[in-house]
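Here is the structure we will look at, set down as structure tokens.
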Amino acid sequence: MSVACDIVTQEAPALLARAQPVAAPGPRSVVPSAHARLLDSVAAFTHHRDIDALDHSLALSLAELAPAREVLLCKRTIDGRRMDSLVRCVADASGGFVVGACDPDEHDPALQPVWHCMDGQRSHVEVGEDGCHRLYVPILHEGRALGALQLESGAALDGARALAEGFARIYANYITLLNESERDKLTGLYNRRTFERHLQRMFLPLAVARRAQERRAAGLGTPSVWLAIFDIDHFKRINDTYGHIYGDEVILLLAQQMRACFRQGDVLFRFGGEEFVILLTGHDEAEARGALERFRERVASYLFPQVGYVTVSVGYARAAPGDYPESVIDRADKALYYAKEHGRNRTHGYEEMLGRGELACELMSTGSIDLF
């Protein structure tokens with residue numbers, strides 16, 4: 001936090017001077033007002049304690065201060081090979097802004113200048129044939145590009161360059177601090193301590209969709225949240241045979257497969273060791289199961305260097321707004337245990353197994369309440 005505050009203190013006056021057009025002499029109160037606006041934005045921006053909210057706040061702050069009609073925040077994975085997340089802030093007809101996460105597609109030609117900005121690690125401005133001005137600013141930390149910003153406007157953005165570069169530096173320092181507390185160090189996936197917050201956050205848009213669906217009373221049902229747990233089959237054997245270095249490489253490559261297979265709105269965790277958790281949405285169990293089966297098959301067909309083919313077992317359960325997080329985990333864990341006990345390299349759902357009576361004996365022995 002002190003690093004970010006130092007940057008704000010040292011750079012804010014320079015950012016204001018370069019980001020604002022030169023005006024004729026006027027009341028001295030104009031500058032303090034502009035300073036206050038910038039510092040208020042930085043204070044609001046650095047108030048957030050989770051990464052998703054921080055990303056949205058950065059895009060919105062730049063859109064309002066630059067000003068720009070669109071701001072993209074693109075971040076790439078730890079190894080730098082793929083796009084990890086994409087947040088877009090767009091001006092709407094009312095004069096406000098709409099901010100949301102999108103599914104990143106690194107093959108999208110429109111994102112190629114963003115990739116060039118990250119690789120070149122330099123800011124630059126482009127003017128398209130349509131007269132659209134685009135400013136690209138890399139987000140750098142210790143010589144590595146974490147991501148990049150793209151600002152788009154119908155007018156020249158040269159004056160916003162210092163502002164965007166200053167925000168990028170603040171963001172790089174601050175996101176590094178948050179990553180250390182929220183992310184698994186090896187894979188970059190979320191860690192267990194962030195699980196409950198992400199679970200509750202996933203219910204919010206679904207509640208809005210459910211109310212709208214009730215008003216329409218037609219069409220597809222509203223999505224549900226599904227929690228899946230999977231772990232690597234015979235992982236101890238991999239460590240014992242090839243050593244922990246190759247075991248860590250398997251975990252790292254598996255995390256890459258997760259990012260490639262699941263959507264931007266799905267939340268990916270490493271709980272520790274070879275255990276991973278996914279929060280995803282689906283209109284019904286068949287949709288959720290289909291996504292998990294595609295992932296399981298993708299892993300089974302992937303050739304891991306030195307180790308060869310590796311499989312995973314998957315258990316999943318539906319999560320409802322009133323559920324205790326540990327209760328949902330426990331149900332998914334029961335399904336995972338069943339998959340392990342019945343051959344591995346399988347996907348099983350708690351509700352599906354309950355409907356077939358495969359968990360009847362267990363429920364009779366523990367009662368109808370999940371124990372944890």
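Mapping to full-length UniProt numbering: the sequence shown position 47 is 47, numbers consecutive. We treat Cβ as the ideally placed atom computed from N, Cα and C, and that holds for glycine.
Check, Outcome
"Same chain only: Cβ atoms within 7 Å of A172, ignoring 5 sequence neighbours per side", "I139, L140, H141, L146"
"Backbone CA spacing between A217 and Q264 [nearest angstrom]", "Confidence at A217 is low in this model, with a pLDDT of 48, below 50, so the placement of that residue should be treated as unreliable; the coordinate-derived value is given next. Distance between the alpha carbons of A217 and Q264 is about 28 Å."
"Residue of F97, E152, I78, V98 minimising C-alpha distance to M118", "I78"
"Contact set for P104: own chain, Cβ-Cβ below 6 Å, skip 5 residues either direction", "M83, L86"
"Run of the beta strand (DSSP E) containing G349, from where it starts to where it stops", "347 to 349"
"Spatial neighbours of T194 in its chain, beta-carbon cut-off 6 Å, leaving aside the 5 residues before and after", "E182"
"C-alpha gap between R356 and R331, whole angstroms", "15 Å"
"Cα-Cα separation, P321 to Y242", "43 Å"
"The alpha helix (DSSP H) enclosing P109, as first and last residue numbers", "Unbroken run through P109: none, as it is neither H nor E."
"4-residue-minimum alpha helix (DSSP H) runs that sit fully inside the UniProt domain \"GGDEF\" (223 to 352), ordered along the chain", "235 to 242, 244 to 261, 285 to 300, 325 to 341"
"Bridge partners - K75, DSSP secondary structure assignment", "S85, G147"
"Environment of residue 398 [buried if 16+ CB atoms lie within 10 Å]", "The chain is shown from 1 up to 372; residue 398 falls before or after that span and cannot be answered."
"Sheet register partners of H133 (DSSP bridge)", "V127, S153"
"Helix, strand or coil at A66 according to DSSP, with G and I counted as helix", "coil"
"Proximity of T176 and A255 at Cβ, strictly below 9 Å", "no"
"Closest residue to L199 among A339, D158, L227 (Cα-Cα distance)", "L227"
"Anticipated Cβ contact below 8 Å, Q150 with L72, distance rounded", "4 Å"
"Nearest neighbour of G96, chosen from K340, E196, P67 [CA to CA]", "P67"
"As assigned by DSSP and simplified to three states, the class of L140", "strand"
"Rounded straight-line distance, which links the Cα of H234 to that of N89", "Reading the sequence as shown, one finds Cys at residue 89 and not Asn. Distance between the alpha carbons of C89 and H234: 44 Å."
"Beta bridge counterpart(s) of Y190 as assigned by DSSP", "R183, F269"
"L65 vs S41 beta-carbon contact at 9 Å", "yes"
"Residues sharing a beta bridge with G100, DSSP", "R88"
"DSSP state of T161 mapped onto helix, strand, coil", "Note on residue identity: the sequence assigns Arg, not Thr, to residue 161. It is helical."
"A59, DSSP secondary structure in three states", "helix"
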